[in-house]
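Numbering (full-length UniProt numbering), first residue to last: 1 to 583.
We put the beta carbon where it would ideally sit given N, CA and C, even for glycine.
Below is one structure, written out as structure tokens; the observations come after it.
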């Protein structure tokens, strides 16, 4: 009988992989493949040979190698990374090294957890970095001219037990050295570095365009009072340097990084961007934008608007998720504010009550937090408009106080000014004053999407529907994935309604209801527009759902509540009567 016993041996395993290979292949398939082949033949395989390593296998974007000793494996890993960092390669590698038992296949291939852990460590390494297991560290510590950073226990995919890992830091002259760059403490508010975009055009003369886009994005993001943006002079020190975002995060003291590329060809330009969490390396957002080059400055403005509009709500979402993960005893005013936003965006009665309590908690902790007064006023507004209160007069009184505080304290805060303006326009029935406060918010930050759609509603109530549509469309353009986009659609629909364009009003209401089927203003608008159009069955269904959500809603209650101009209010109430809303 043939001996079928499995052959095992102890081996040091090196796993290497190209960072972002799939994205690079999509962007420049032939160039990426050719560059990795060059690195394999000119850097990786010669280094393996010098350190007595055996190449087990290569994949399209990586390599797996075996060494007789862990010291040889680590020396080889450092040499590979230093060679790549000191050269002109556009690629970066992650490398993982493990010492463990492996199974030897009949063809010399290796299998088992010894291999799997090396591969998983590679995936957890910094771009351009090396991550080794505790077993390797215990063998090589003190023997090599490198330092180590303890990364703690790593929970690796499909590995049953946590693996303690160490990042390798090369010596004083090594390209991996970053220990001289002291890590800056993260500020309390969110922080971002907009890194130089890579010029992919192959023409150095086009560098100005990529730099111009980045500078415009930095300027636009700087207008958000809640966001700390690193200055251009600091971020541009990373130009043409292959530096990992985790290292950049530590050196600049930022939580997020935005990086990207610009490619110009044949009268067209393509700009790609990625928003990355510096602590984890996680990609939070990625997109690309295409345009024509007839007017380069208009195109830069368009790209800036699109990028800022896309990443601003994603940054807010990431910050809200971060705050929700923090233990309650560690929360500060800003984190309570973020938790309040999280509950506010649920659009439910309980969520609104929770949000109001959290915003008031912010005010207790920081009586000068202008945006908290504005958002608390907004919660009081919702109570009144959505039928979530038994004390309309009491809520109106509190709303007036909160609004005054928001306006007084928030002279430079666009969120405070826009929410105060909204409450003044709607609840305090002064759309002219409310619109002027929102205009001030937009002067401070023309990229604040919420201010644009709040301005749109104020313009509807002032009888300026075309300006209202323009402002609401600006909000949609700035923040096309905004959690409040249904309010933007409803603003557009209201503008069409007061202009007598009931078909367009109904279509806008339906678009809003696809986002939030329970949004009361969209249900009202849709029912009124369909009532005016004689689509009574459709109007009746909206009224039925509206009264399921708000049983006490009537025509007379809305007459006293809504701030439309008298002729526009009469048309709105007429549509609701035709739709079946009781008097």
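Roughly how many angstroms separate the alpha carbons of residue i and residue j, rounded to a whole number?
i: residue 499; j: residue 251; result: 55 Å
i: residue 578; j: residue 466; result: 26 Å
i: residue 339; j: residue 314; result: 15 Å
i: residue 109; j: residue 44; result: 19 Å
i: residue 56; j: residue 135; result: 21 Å
i: residue 267; j: residue 84; result: 34 Å
i: residue 162; j: residue 518; result: 45 Å
i: residue 274; j: residue 388; result: 41 Å
i: residue 10; j: residue 215; result: 53 Å
i: residue 240; j: residue 377; result: 48 Å
i: residue 448; j: residue 260; result: 23 Å
i: residue 576; j: residue 419; result: 28 Å
i: residue 354; j: residue 8; result: 60 Å
i: residue 29; j: residue 60; result: 11 Å
i: residue 117; j: residue 130; result: 13 Å
i: residue 284; j: residue 160; result: 28 Å
i: residue 580; j: residue 490; result: 21 Å
i: residue 152; j: residue 139; result: 17 Å
i: residue 257; j: residue 269; result: 23 Å
i: residue 94; j: residue 70; result: 17 Å
i: residue 320; j: residue 459; result: 31 Å
i: residue 226; j: residue 455; result: 21 Å
i: residue 401; j: residue 510; result: 35 Å
Quick one: grab the DSSP three-state call for residue i.
i: residue 268; result: strand
i: residue 68; result: coil
i: residue 581; result: coil
i: residue 291; result: strand
i: residue 179; result: With a pLDDT of 34 at residue 179, under the threshold of 50, the modelled position of this residue cannot be trusted; read the value that follows with caution. Of the three classes helix, strand and coil, the one that applies to residue 179 here is coil, per DSSP.
i: residue 18; result: strand
i: residue 147; result: strand
i: residue 129; result: coil
i: residue 447; result: coil
i: residue 199; result: strand
i: residue 550; result: coil
i: residue 526; result: helix
i: residue 91; result: coil
i: residue 617; result: Because the chain is modelled from 1 through 583, residue 617 falls outside the range shown and cannot be assessed.
i: residue 96; result: strand
i: residue 263; result: strand
i: residue 249; result: helix
i: residue 500; result: coil
i: residue 142; result: coil
i: residue 531; result: helix
i: residue 53; result: coil
i: residue 123; result: helix
i: residue 493; result: helix
i: residue 152; result: strand
i: residue 565; result: coil
i: residue 243; result: coil
Tell me residue i's beta-bridge partners as DSSP assigns them.
i: residue 276; result: 257 and 283
i: residue 58; result: 63
i: residue 9; result: 102
i: residue 228; result: 191
i: residue 169; result: 147
i: residue 110; result: 104
Which same chain residues end up closer than 7 Å to residue i when comparing Cβ atoms and leaving out the 5 residues on each side of it in sequence?
i: residue 302; result: 291
i: residue 238; result: 195, 196 and 248
i: residue 545; result: 523
i: residue 573; result: 555, 558 and 559
i: residue 393; result: none
If I measure Cβ to Cβ from residue i and keep anything under 6 Å in the same chain, skipping five residues before and after, which residues do I get?
i: residue 513; result: 522
i: residue 359; result: 340, 372, 375 and 376
i: residue 191; result: 228, 254 and 255
i: residue 452; result: 471, 474 and 475
i: residue 469; result: 492 and 495
i: residue 383; result: 389 and 395
i: residue 542; result: 523, 526 and 527
With a threshold of 8 Å on Cβ separation, who are the neighbours of residue i within its own chain once the five nearest residues in sequence on each side are excluded?
i: residue 35; result: 89, 90 and 91
i: residue 203; result: 264
i: residue 282; result: 276
i: residue 173; result: With a pLDDT of 30 at residue 173, under the threshold of 50, the predicted position of this residue should be treated as unreliable, and no value is reported.
i: residue 347; result: 516, 518 and 519
Can you find a C-beta in chain D that's less than 7 Å from the C-beta of residue i?
i: residue 81; result: Within the model displayed, chain D is absent; a lone protein chain is all it includes.
Verify the contact flag: residue i, CB atom, against every heavy atom of the ligand COA, threshold strictly below 6 Å.
i: residue 228; result: Looking for the ligand COA in the displayed structure turns up nothing, as the structure carries no ligands at all.
Next item on the list: Note down, one range per segment and in chain order, each alpha helix (DSSP H) of at least 4 residues found wholly within the region 332 to 403.
Entry: 333 to 344, 349 to 365 and 370 to 385
Next item on the list: Could I get the ranges of all uninterrupted alpha helix (DSSP H) runs contained in the region 402 to 481, with 4 residues as the minimum, in chain order?
Entry: 414 to 426, 431 to 444, 449 to 461 and 465 to 478
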